[in-house]
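Number of protein chains: 2
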Amino acid sequence: MSYFKFEIIHQSRTSRARVGRIHTPHGVIDTPNFVAVGTNATLKALDTKMVHDIGLQLMFCNTYHLLLQPGVETIAQAGGLHTFMNRSLPIITDSGGFQVFSLAQGTVNDELKSRSNKRYEGSILKITEDGVLFRSYRDGQKILLTPETSIAAQKSLGADIIIPFDELLPNNVAYEHLTTSLHRTHRWEQRSLNAHRARPQNQAMYAVIHGGTDQRLRKLSCEFLTKLDFDGFALGGSLGKNHQEMFNLLDFVIPILPQDKPNHLLGIGDLRSLETVIKCGIDTMDSSHPTRCARHGFLFTNAGGIKILHSSNKQRFRPIDESCTCFTCQYYTAAYLHHLFKANELTGHTLATIHNLHYMVQIMAAYREKILHNEM
Amino acid sequence: MSYFKFEIIHQSRTSRARVGRIHTPHGVIDTPNFVAVGTNATLKALDTKMVHDIGLQLMFCNTYHLLLQPGVETIAQAGGLHTFMNRSLPIITDSGGFQVFSLAQGTVNDELKSRSNKRYEGSILKITEDGVLFRSYRDGQKILLTPETSIAAQKSLGADIIIPFDELLPNNVAYEHLTTSLHRTHRWEQRSLNAHRARPQNQAMYAVIHGGTDQRLRKLSCEFLTKLDFDGFALGGSLGKNHQEMFNLLDFVIPILPQDKPNHLLGIGDLRSLETVIKCGIDTMDSSHPTRCARHGFLFTNAGGIKILHSSNKQRFRPIDESCTCFTCQYYTAAYLHHLFKANELTGHTLATIHNLHYMVQIMAAYREKILHNEM
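Sequence lines, in order, name chains A and B.
Throughout the first sequence, residue numbering follows the working numbering, covering 146 to 521 in sequence.
Throughout the second sequence, residue numbering follows the working numbering, covering 146 to 521 in sequence.
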């Protein structure tokens with residue numbers, strides 16, 4: 146018997162959006178919901194308790210980074226990721242594949258997701274049917290990541306939701322290359338699922354739908370992966386060169402996925418995209434966008450973004466957003482945050498991150514409310 | 146009528162240490178006590194609420210830094226420093242003189258207090274009877290700091306305890322230079338006091354005793370300054386080349402200060418010094434030592450310091466200090482902190498700082514207890 150269950154509370158009558166509940170061993174995730182990225186087993190500039198208080202129900206941690214530091218053995222010794230970081234709420238981990246490939250490639254993803262790949266160039270040594278051999282950027286050590294080692298790592302981490310090992314291709318690769326990679330990724334996902342099912346540990350596994358921007362290949366990927374016993378579906382790989390291409394792709398893919406399983410959008414969570422991807426039927430989406438914006442002093446409000454370093458905030462002795470109920474807006478003014486950023490005080494990062502994540506929690510609750518009333 | 150009052154609860158029978166209470170408009174400071182340094186109107190990596198929860202009763206902010214960023218006009222507009230940073234407990238500010246001089250000089254203080262002076266070299270343009278003309282390191286602007294402008298700034302900041310403008314000399318200057326400077330500092334302190342008394346605003350002012358390591362000059366300074374209407378006394382200037390010289394100096398100076406007024410030791414608060422300076426009769430001491438140690442991963446415990454980056458902590462799945470009741474030790478393990486520091490996560494700075502400051506709060510409470518029992 147699995148603890149994992151996806152329950153649809155309400156299907157909107159005006160779009161593919163739905164309100165649901167994902168049940169996991171560490172509690173419920175109300176959907177649609179935003180998933181914050183805590184790469185190194187912490188959200189940057191926050192501690193686990195703060196994240197809990199903000200009300201973020203699901204947190205994304207990166208297996209690749211945790212593999213290199215502190216190493217999965219250490220986290221296993223601690224009793225798993227939840228105990229290690231003292232998080233009582235649900236966690237999702239990826240396979241490590243995304244980082245190995247994207248950090249080595251420097252693709253369009255770099256621009257879309259603001260990743261710099263300089264230090265990682267050439268870190269992939271060999272890709273075979275078995276998996277990928279790469280060099281750790283921390284100590285130069287050679288590491289072999291395969292479906293089996295990725296799942297073993299994710300078993301040690303013990304997240305509530307895990308992801309099969311896949312290959313991430315650069316944008317604009319030749320069709321033949323895309324096809325070859327897709328088939329190999331499918332075999333890797335099958336092997337990942339086998340490794341997972343051999344030792345389920347109450348974890349759920351989402352397949353990753355690939356196929357880049359090619360509808361035939363996306364369809365092929367859906368057909369292959371939906372036949373297997375996955376608990377949900379994640380959209381991965383290249384989603385297009387711009388928002389419209391991504392929306393078109395989601396419009397095409399979501400309807401051919403099972404309607405009773407949760408859909409996750411990997412690595413997308415910018416404010417512009419939210420409403421549309423939810424209307425496409427996406428239930429959860431992870432992104433470091435709100436937290437990265439916060440650290441750069443870009444704060445979210447219902448009236449638009451605020452650049453906290455702008456001189457108009459120097460003597461704004463009111464909260465960032467007067468209607469906001471977050472810790473930061475309750476206790477501090479925009480003028481004080483402006484000062485903290487001007488003075489390069491880390492405290493500014495903490496307070497800005499709390500505000501933006503609270504904003505995400507609130508906006509997702511508002512979207513759920515709208516869906517319940519068929520208003521989106 | 147002044148809100149400021151120093152009340153001696155118990156005078157130790159075995160040393161000059163005493164337990165007291167400093168009453169201020171923003172509450173009581175139990176003495177002896179440690180004063181954390183929040184240079185830019187925040188303790189680094191903590192927000193005001195966290196500092197409050199740790200139980201730090203007095204916080205030191207630096208007028209020099211606040212003068213340059215955000216500027217005292219902004220803080221005045223906010224309603225003062227307490228409102229600006231949302232601190233309800235007492236604050237002490239310095240005159241700005243210490244930073245102007247020490248940052249420009251690169252004296253032995255740099256080593257003792259780990260200050261780097263590289264970017265400030267040559268920032269002092271002129272020292273006259275009026276005050277000191279210096280160049281802002283932020284925007285190159287010329288700023289004249291005099292007793293009157295320093296006190297005006299500290300009136301705008303509105304701290305509970307303020308400090309008169311003084312000159313900080315490098316160590317090992319010629320006796321003649323020391324004497325000339327001391328007399329000018331006395332005139333500056335007198336002018337500072339006049340400016341303060343003209344508009345007391347319920348603030349208290351501590352004199353700064355100077356005279357370097359020369360006992361005759363220290364005595365002269367005590368004689369001059371104790372005749373004036375100061376609320377307490379701070380020990381400033383060069384305190385010697387090592388701990389023993391500082392202790393000897395305190396042993397000489399404290400007995401010639403009024404016994405019924407609080408004594409503050411400027412810029413010293415390392416663990417090695419604490420017990421001895423308290424026994425000398427020091428009531429409060431400020432230092433960035435515990436917070437700077439924390440950010441470098443050096444954590445205080447009753448069993449000695451812990452270097453959190455040391456590999457022995459990699460799998461230490463216990464709190465930093467099992468007997469510690471701080472937020473960090475309640476929620477997180479040494480292994481997790483080790484990981485955060487290894488991964489360069491700011492969260493590590495926050496958690497380590499909370500721990501070290503809690504340690505300071507606890508150790509000062511323990512010292513007060515010992516004094517009450519005449520055990521030190």
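By construction, the Cβ of each residue, glycine as well, lies at the ideal position given by its N, Cα and C atoms.
CB of A/D376 within 8 Å of CB of A/F179, strictly: no
Those residues which DSSP pairs with B/M114 across a bridge: An answer regarding residue 114 of chain B cannot be provided, because it is not within the stretch 146 to 521 covered by chain B.
DSSP state of A/A497 mapped onto helix, strand, coil: helix
Chain-order list of residues whose beta-carbon lies under 7 Å from that of B/Y351 (same chain, five-residue window excluded): I306, I308, F375, D376, G377, F378, A379, H409
Members of the region 225-252 of chain B that neighbour chain A once the beta carbon cut-off is set at 9 Å: T228, F229, M230, N231
Any C-beta of chain A under 8 Å from that of B/K194: yes
Same chain, Cβ closer than 7 Å to B/T358, five either side skipped, listed in chain order: S383, G385, E390, L394
One or two residues paired with A/L278 in a DSSP bridge: A/K271, A/L289
Endpoints, beta strand (DSSP E) assigned at B/Q156: 150-156
Residues that B/F443 bridges to, as DSSP identifies them: B/K452
As assigned by DSSP and simplified to three states, the class of B/I543: A query on residue 543 of chain B cannot be resolved here, the shown segment of chain B reaching from 146 to 521 and no further.
Partner residues on chain A for B/Q460, Cβ-Cβ distance less than 8 Å: T219, Q222, A223
B/T219 versus A/S456: straight-line alpha-carbon distance, rounded: 12 Å
Proximity of B/N447 and B/S468 at Cβ, strictly below 8 Å: yes
Simplified DSSP state of B/A479, which is helix, strand or coil: helix
Beta-carbon neighbours of B/H518, restricted to chain A and to distances below 9 Å: Chain A residues near B/H518: none, gap ~37 Å exceeds 9 Å.
Beta-carbon contacts of B/D415 that lie in its chain and below 7 Å, excluding the five residues immediately before and after: S432, H434
Same chain, Cβ closer than 7 Å to A/D275, neighbours up to 5 away in sequence not counted: T291
Minimum Cβ-Cβ distance from A/H331 to chain B less than 8 Å: no
Inter-stretch contact (C-beta, 8 Å, three-pair minimum) for the region 288-302 of chain A and the region 239-249 of chain A: yes
B/D405, enclosing alpha helix (DSSP H) - first and last residue: No alpha helix (DSSP H) contains B/D405, which DSSP labels as neither H nor E.
Backbone secondary structure at B/V164 - three-state DSSP: strand
For B/M230, the three-state DSSP class (helix, strand or coil): helix
Minimum Cβ-Cβ distance from A/Y209 to chain B less than 8 Å: no
Which residues DSSP lists as bridging B/V245, in chain order: According to DSSP, B/V245 bridges with nothing at all.
Reduced DSSP category for B/F375 - H, G, I as helix; E, B as strand; rest coil: coil
Span separating the alpha-carbon of A/K424 from that of B/N231: 42 Å
B/T324 - containing alpha helix (DSSP H), residue span: 320-342
Beta carbon of A/T429 nearer than 8 Å to that of A/T176: yes
Residue of B/T193, B/G449, B/V318, B/L212 minimising C-alpha distance to B/L203: B/T193
Contact check, B/Y477 vs B/L496, beta carbons under 8 Å: yes
Endpoints, the alpha helix (DSSP H) within which B/T429 is located: Premise fails: B/T429 lies in the beta strand (DSSP E), 429-432, not in any alpha helix (DSSP H).
B/V245 and B/F279 closer than 8 Å at C-beta: yes
Beta-carbon proximity check, A/L485 vs B/T187, cutoff 8 Å: yes
Coil, strand or helix - A/A352 by DSSP: strand
Endpoints, the alpha helix (DSSP H) within which A/D198 is located: 193-199
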